[in-house]
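So the sequence lines, in the order shown, correspond to chains X and D. Numbers 0 to 602, taken from numbering that gives the first Met the number 0, label the letters of the first sequence in order. Numbers 0 to 241, taken from numbering that gives the first Met the number 0, label the letters of the second sequence in order. Virtual Cβ for every residue (Gly too), placed ideally from N, Cα, C. Notes to accompany the following structure.
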Amino acid sequence: MVSTRFLIVLSVALAVGLTFGCAGGGSQEGGGSGAAVSHADHEVAPGELDDYYGFFSGGHSGEVRVLGIPSMRVLKRIPVWNIDPGSGWGITNESRALLGGMQTGDTHHVHGSYEDGTYDGKWLFVNDKLNNRMARIRVDLMEVDAVVNVPHAQGAHGLFPQRYPSTEWVVLNSEFRTPLSNDGRGDMLDASTYGGVHTIINAADMEIVAQVTTPVNLDLAATDYQGKYSFATSYNSEGGATISEMLASDRDYLVVFNWEAIKEALANNNYRIVDDIKILDGTEGTGLTAYIPIPKNPHGVNISPDGNYAVACGKVSPTVSIIDINKLDDLFAGNIEPRDAVVGEPEVGLGPLHTTFDGRGNAYTSLFIDSQEVKWNIQKAIDLYSNPVEGETAVVDRLDIHYQVGHTMASMAETKEADGKYLISLNKISKDRFLNVGPLKPENDQLIDISNDEMILLKDEPAYIEPHDCIIVRRDLIEPHVVHRAVLEEHPLAVTQSSVERVGNKVTARITASAPVYGLQEVVVNQGDEVTFIVTNTDEIPDLAHGFAISNYNVSFVVGPFQTKSVTITADKPGMYWIYCTNFCHALHLEMRMRFVVNPRST
Amino acid sequence: MWSGDTLAQDVERGKAVYDSRCVICHGDQGDGKGLIGIVHRAQQNGMVVTIYPRDFTAGVYKFRSTPSGDLPTDDDLMRIVTEGISRSGMPSHTDISEADRQAVIAYIKTFSKRWAEEEPGTPLVIEAAPAAVGSGESSGRGKDVYATMQCSKCHGDTGKGDGPSSADLEDSWGDKILPFDFTSGPLKGGSTPEMVYRTFMTGLDGTPMPSYQDALPEEQARWDLVSYCLELMAGAPGDTDQ
């Protein structure tokens, strides 16, 4: 039965794929309450501030974006894995040291650090699916301050921080099965030797605590509200290497990781060490994991704000699976069978990918193929699972979105303080919703009011490539932690007095930037010298940033109040080059310049 | 050490340096009204205050080694011109030659007749800070000194520059001035124990920051006060300007 349903779904999916090509065939009005309404309550007038911060991933743009919600105004783009000439990320010595020469990346999931089930305003964490890393963003500066490289993993995808008692661990799943020690030895084409790892990272020191290996692939991640379990959906229990192989069986898994058992295994040295990393065996029967069979090729897993349920989305099955987290102790104790933990499996529509919550007992699931948000009642779904009633459904409301939604997230929904005000539908396709800008069109993030029984579409927001996921955080949890200026002394090289120092052919120019003058008016070096510029913005009032750009030397960065950044270049081009301030700072900003003089090598 | 004789050719060379490097801030009349004096720089407790470039026509200087009311020594001026004054917009000038710096100092003296009428004061002798400075004990005693000397009236109980008088202070030029927020980062007059000692011993002429040379005759009490100031400076980092 499941397989016939699967066939229908897949053929519809293909059909949707084809219709992408013939966009522009008139706007598709949303059904039911889908007509766009603009409510004055949700307007943020000029000069007013938003109620929520939205932290969005930027996909293969490599960045993280900060939006104000409900205005959907983009407030900041935090460069993470990309080069950003605006701020100098990927150009300065500080950022290059963190990036380790890899300046592309793919951010999917941004999550905040927690204290007792809600955000503590300290850090954000974001993955790099491309080069298999995780970055930490300091909320006070909203800049990346640490990166950890994750070996033994490819497709480092699902990421989730510990929610209780506070974020000590962050888990990161590898979506692509790979050979563990991927060093070219062995038969690399023999997929049966591949596996997926659930990597545990210490949030404070950004070191890998351990990796739990599984034979399956691990996609999205979640943690519970008690500090006991983490979760991963697995869509390739077949261990296939081609798409046909990956879709062979009717059931895949929700994999549950038992933290107590993991800690015990670590304490008892029950691990092997590969490339300096503790590797725990997480195959079935080790007690570290449970594999709960759910309909084939699931995608998102999200935890209800009361901490009771893990909801896994079917993707190719039109259902979601509700797993009772309170039954997991019994499952690990061997008192029940894995499927006994499943307490509901409502049919919600085609292509369910992710679920979010309003804190009032309702769940909202994104339907990629149907291009809909579907609202359903969790308790009703559970009741109907044990007591099916002909003609009854847990579905409360449906809203057409535009088009092909991936992730969806409600305000505060990944905390115990879910408040059910706003829902974001992160749509992959915008088709006809905006002026045509050529073949590469923006995505469409739609804002939906969920404070009523019916969902109401409020806004379309074009987004550059490609937000996958977001969190929506109450302003009062973030704003008090964000500073207007850095702590000057925090950078070990902070400059309060400008100077030039030479040791052999290495020249260090320490420069203050204070509107509208640099602390040096000229730096004179010899061709071939290795020159390090260290620039501190000694202006301390909010929003007075200075740029530092060296003409023809491909160097440009910006320093915020009391920040220090540095860059090292080889002075290989003789001549006089103006260094200038790129960031408007003063009425005499254009005059904020200094000269960089490179004497030709004597022949 | 540099003798500091104001030779005519020094003054001429000094004017050239001044016109190239200083005039934009200190003005062609030396009155601190150069084109630049229009940017706000210090912010504290929601108040934004402009720090104007020094008016050389008054012949009044803040960062000296000499007693309150006296002219600074040439070494004092040389230090300021070379190193600059952190967090005030007065840049360092390490990229011009020492001779040029001497010359420009000779030149700025021509803006005030005080320099023709008075000799610079005699520098205070400041010994190296005793080993106890920075200890909890010394700082504990310094806290009492801070209270008796009523530093907190201006600098506040936690050194954040938010004491009861802090909002109404003006300097000799009638401009608003803020008592320094010790917790906000490096001090203008320098942050080493000896520099902090110097600052409250000499006072900052032209500002409400008085000299405590007479009020605090006891050497140990002075160093204890330094210890306490350092403790305050190590206090709450960052600034959310709320």
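So what does residue i bridge to, in DSSP terms?
{"i": "F433 of chain X", "result": "Answer is none; F433 of chain X lacks a bridge partner."}
{"i": "T563 of chain X", "result": "X:T535"}
{"i": "H110 of chain X", "result": "X:F124"}
{"i": "N172 of chain X", "result": "X:H197"}
{"i": "T318 of chain X", "result": "X:E346"}
{"i": "Y517 of chain X", "result": "X:A512"}
{"i": "N301 of chain X", "result": "X:V310"}
{"i": "R64 of chain X", "result": "X:F55, X:R76"}
{"i": "W88 of chain X", "result": "X:D83"}
{"i": "H545 of chain X", "result": "X:V558"}
{"i": "T604 of chain X", "result": "No answer is possible for residue 604 of chain X: it lies beyond the span of chain X, which begins at 0 and ends at 602."}
{"i": "F230 of chain X", "result": "X:A221, X:V255"}
{"i": "D170 of chain D", "result": "None, per the DSSP bridge assignment."}
Taking its Cβ as the centre, do 16 or more other Cβ atoms sit within 10 Å of residue i, making it buried, or is it exposed?
{"i": "N435 of chain X", "result": "exposed"}
{"i": "D571 of chain X", "result": "exposed"}
{"i": "S94 of chain X", "result": "buried"}
{"i": "R359 of chain X", "result": "exposed"}
{"i": "R64 of chain X", "result": "buried"}
{"i": "S19 of chain D", "result": "exposed"}
{"i": "V502 of chain X", "result": "exposed"}
{"i": "R76 of chain X", "result": "buried"}
{"i": "W1 of chain D", "result": "Note that W1 of chain D has pLDDT 47, beneath the 50 cutoff, so the model's placement of it is unreliable and no number is given."}
{"i": "T198 of chain D", "result": "buried"}
{"i": "G350 of chain X", "result": "buried"}
{"i": "E126 of chain D", "result": "exposed"}
Taking only three categories from DSSP, how would you classify residue i?
{"i": "G157 of chain X", "result": "strand"}
{"i": "K374 of chain X", "result": "strand"}
{"i": "M454 of chain X", "result": "coil"}
{"i": "A220 of chain X", "result": "strand"}
{"i": "C21 of chain X", "result": "Bear in mind that a pLDDT of 36 at C21 of chain X, under 50, signals an unreliable position, so the number given afterwards is only what the model happens to contain. In the structure shown, C21 of chain X sits in a helix (DSSP, three-state: H, G or I)."}
{"i": "Q149 of chain D", "result": "coil"}
{"i": "L265 of chain X", "result": "helix"}
{"i": "D328 of chain X", "result": "helix"}
{"i": "M141 of chain X", "result": "coil"}
{"i": "L587 of chain X", "result": "coil"}
{"i": "Q8 of chain D", "result": "helix"}
{"i": "Y576 of chain X", "result": "strand"}
{"i": "S18 of chain D", "result": "For the record, residue 18 of chain D in the displayed sequence is Asp; it is not Ser. DSSP places D18 of chain D in helix when its eight states are reduced to three."}
{"i": "Q43 of chain D", "result": "strand"}
{"i": "Y51 of chain D", "result": "coil"}
{"i": "T569 of chain X", "result": "strand"}
{"i": "G53 of chain X", "result": "strand"}
{"i": "V195 of chain D", "result": "helix"}
{"i": "H41 of chain X", "result": "helix"}
{"i": "I23 of chain D", "result": "helix"}
{"i": "F243 of chain D", "result": "Chain D is shown only over 0 to 241; residue 243 of chain D falls outside these bounds and no answer can be derived."}
{"i": "L98 of chain X", "result": "helix"}
{"i": "R600 of chain X", "result": "coil"}
{"i": "S550 of chain X", "result": "coil"}
{"i": "D252 of chain D", "result": "Beyond the ends of chain D as shown, which are 0 and 241, falls residue 252 of chain D; an answer cannot be given."}
How about residue i: is its Cβ closer than 6 Å to a heavy atom in the ligand ADP?
{"i": "Q102 of chain X", "result": "The ligand ADP is absent from the structure shown, which contains no ligands of any kind."}
Checklist line | alpha helix (DSSP H) runs contained entirely in the region 198-234 of chain D, provided each spans 4 or more residues | finding: List check, alpha helix (DSSP H) in window: 218-232.
Checklist line | Start-end ranges of the beta strand (DSSP E) lying completely within the region 355-427 of chain X, minimum 3 residues | finding: 361-366, 371-376, 394-399, 404-409, 421-426
Margin query: Count Cβ pairs between the region 536-551 of chain X and the region 576-594 of chain X that sit closer than 8 Å; are there 3 or more?
Written below: yes
Notebook entry, point to check: Which runs of the beta strand (DSSP E), 3 residues or longer, sit entirely within the region 177-222 of chain X?
Noted result: 195-201, 207-213, 220-222
Check: If you pair each beta-carbon of the region 362-372 of chain X with each one of the region 385-403 of chain X, do three or more pairs fall below 8 Å?
Finding: The region 362-372 of chain X, when compared against the region 385-403 of chain X, does touch it at the 8 Å Cβ threshold.
Notebook entry, point to check: Just checking, does the region 135-143 of chain D make contact with the region 5-15 of chain D on the three C-beta pairs under 8 Å criterion?
Noted result: no
Item checked: Residue ranges of each alpha helix (DSSP H) within the region 469-508 of chain X, 4 or longer -> 474-477
Checklist line | Every unbroken beta strand (DSSP E) within the region 85-166 of chain D, with a cutoff of 3 residues, ordered by chain | finding: none
Next item on the list: Kindly confirm or deny that the region 63-83 of chain D and the region 197-210 of chain D touch, where touching means at least three C-beta pairs closer than 8 Å.
Entry: A contact exists between the region 63-83 of chain D and the region 197-210 of chain D.
Margin query: Does the structure place the region 161-178 of chain X close enough to the region 216-234 of chain X that three or more beta carbon pairs sit under 8 Å?
Written below: yes
Notebook entry, point to check: Counting Cβ pairs, one atom from each stretch, are 3 or more of them under 8 Å apart for the region 301-308 of chain X and the region 414-430 of chain X?
Noted result: yes
Note to self: For the structure I just gave you, are there three or more beta carbon pairs, one from the region 272-290 of chain X and one from the region 209-226 of chain X, closer than 8 Å?
What the structure shows: yes
Note to self: Tell me whether the region 514-533 of chain X and the region 89-108 of chain D touch, counting them as touching only if at least three CB pairs, one residue from each stretch, are closer than 8 Å.
What the structure shows: yes
Check: Okay, do the region 478-495 of chain X and the region 529-548 of chain X touch, 3+ Cβ pairs below 8 Å being the bar?
Finding: yes
Check: So does the region 107-122 of chain X actually touch the region 149-168 of chain X, counting three or more Cβ pairs closer than 8 Å?
Finding: yes
Notebook entry, point to check: If you pair each beta-carbon of the region 207-215 of chain D with each one of the region 90-110 of chain D, do three or more pairs fall below 8 Å?
Noted result: The region 207-215 of chain D, when compared against the region 90-110 of chain D, does not touch it at the 8 Å Cβ threshold.
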